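So the protein sequences, as listed, match chains B and U.
Every letter in the first sequence is one number past the one before it in the UniProt record's numbering, and letter 31, counting from 1, is 31.
Every letter in the second sequence is one number past the one before it in the UniProt record's numbering, and letter 12, counting from 1, is 12.
Even glycine gets a Cβ: it sits at the ideal position worked out from N, Cα and C.
Please read these numbers as outputs of a predicted model, since none were measured by experiment.
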Amino acid sequence: MREHTVLRVVTKLLIAPIILFALYVQFHGDYSPGGGFQAGVVFAAAIILYALIFGLAEARRAVSPNLLRITGALGALIFAGTGVYAMLRGGNFLDYDYLAHDAIHGQHYGLLLVEFGVGLTVVSVITSIFYVFAGRGRRNDDEQPPGDAR
Amino acid sequence: MTTDIALNIVLLSFMAIVGLAIARLRNLFPVAMLTGLYSLLSASLFTLLDAVDVALTEAAVGAGVTTVLFLATFGLTRAREKPVPRSRTLIGLCVTVLTGAVLIYASLDMPHFGAADTPVQQHPLRDHYLKTVSDEIDVPNTVTAVLGSYRGYDTLGEVVVVFTAGIGVLMLLGVAWRRPNKSAERNR
Chain B
1 MREHTVLRVV TKLLIAPIIL FALYVQFHGD YSPGGGFQAG VVFAAAIILY ALIFGLAEAR
61 RAVSPNLLRI TGALGALIFA GTGVYAMLRG GNFLDYDYLA HDAIHGQHYG LLLVEFGVGL
121 TVVSVITSIF YVFAGRGRRN DDEQPPGDAR
Chain U
1 MTTDIALNIV LLSFMAIVGL AIARLRNLFP VAMLTGLYSL LSASLFTLLD AVDVALTEAA
61 VGAGVTTVLF LATFGLTRAR EKPVPRSRTL IGLCVTVLTG AVLIYASLDM PHFGAADTPV
121 QQHPLRDHYL KTVSDEIDVP NTVTAVLGSY RGYDTLGEVV VVFTAGIGVL MLLGVAWRRP
181 NKSAERNR
């Protein structure tokens, strides 16, 4: 899509607000609609948009597939780890009351951490799936249009 | 309220039209676009029903990511549907009509939209969640509190499901990531 100037310029303008909105949905999920899952898919949509307009190779350089593999696992680990940490502090698994001295503060920390874990896993998995689908069957990412892959 | 009903009718009829158009088309590129449009319409419908969380997900996944995945798949396969013999389309039509009739018959047993005497409105847990959430968790968005804290196990399970799905796709297709020329050189 190198020749589509309008698309390139508009995408450049749009990607930052989309990512900002994703972060808002992520960290404002306690107060407004949304949460980790919604934020994750919106963030992944921003990365996919970048890949569509600027090419898969550029997107892979910006957000590396290997990093995504690690963060995908890390998200689930953060979620489960929060539960285990609550156990170490004397509560039950995922009982956020024990995360801080005050039960309500503990719940807030717990929700923040857990939603962050959800978001991290969702971004990583959706972007990884897109990478493997879009990169499959093509030797050089940008030289061939998708229709000529065979 | 009347504008809501009018909007609902308009959105639902648009969805029906899009569905019929998808069934008629043989070229799959417009079909991918139309499924994206269908998702966008259902996202609008969810917004009307005050299910903003679901609408956000539907708009991003259904209209955005899935459409792109369809298009990426067309790069690997053919983008035209094979013509189907007439006898088989008849069977398909019968199955569709039958399933639709069963679903409509089942929907007659469902409570009316917004009815006050449904389990959702009357179950004691509803009061517990809505009233004690401010004492126990103190988060304005009850949905987040229920999903993250009261139902934390379920959400953890969902995250693991998403993660497992990702691992599955990577195991099946992920090899293509390693640049082919590099591994070929190593083999020489």
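Within 9 Å of the CB of P30 (chain U), no CB atom of chain B is found; the nearest one sits about 15 Å away. With respect to chain U, the C-beta atom of D102 (chain B) has no partner C-beta closer than 8 Å.
Excluding sequence positions up to five before and after L74 (chain B), its CB lies within less than 7 Å of the CB of L120, all in the same chain and listed in chain order.
Between G35 (chain B) and T144 (chain U), the C-beta gap is smaller than 8 Å, which places the two residues in contact. Under the three-state reduction of DSSP, N66 (chain B) is assigned to helix. Inter-residue distance for R8 (chain B) and P17 (chain B) is about 15 Å (C-alpha atoms, whole angstroms). One Cα belongs to Y50 (chain B), the other to M1 (chain U), and the distance between them is close to 40 Å. Around the beta carbon of V65 (chain U), a 10 Å sphere encloses 16 or more other beta carbons of the protein chains shown; the residue is thus reported as buried. At a cut-off of 8 Å between C-beta atoms, P33 (chain B) counts as an interface residue with respect to chain U. Contacts with chain U at 8 Å (Cβ-Cβ) do not include L20 (chain B).
The beta carbon of A59 (chain U) is closer than 8 Å to those of S39, L40, A43 in its chain, skipping five residues each way along the sequence. Scanning its chain for C-beta atoms nearer than 8 Å, with the 5 sequence neighbours on each side dropped, one finds around A76 (chain B) the residues G117, T121, in chain order. For G36 (chain U), the uninterrupted alpha helix (DSSP H) run begins and ends at 28-48, by DSSP. Cα atoms of L113 (chain B) and L14 (chain B): separation of roughly 28 Å, rounded to the nearest angstrom.
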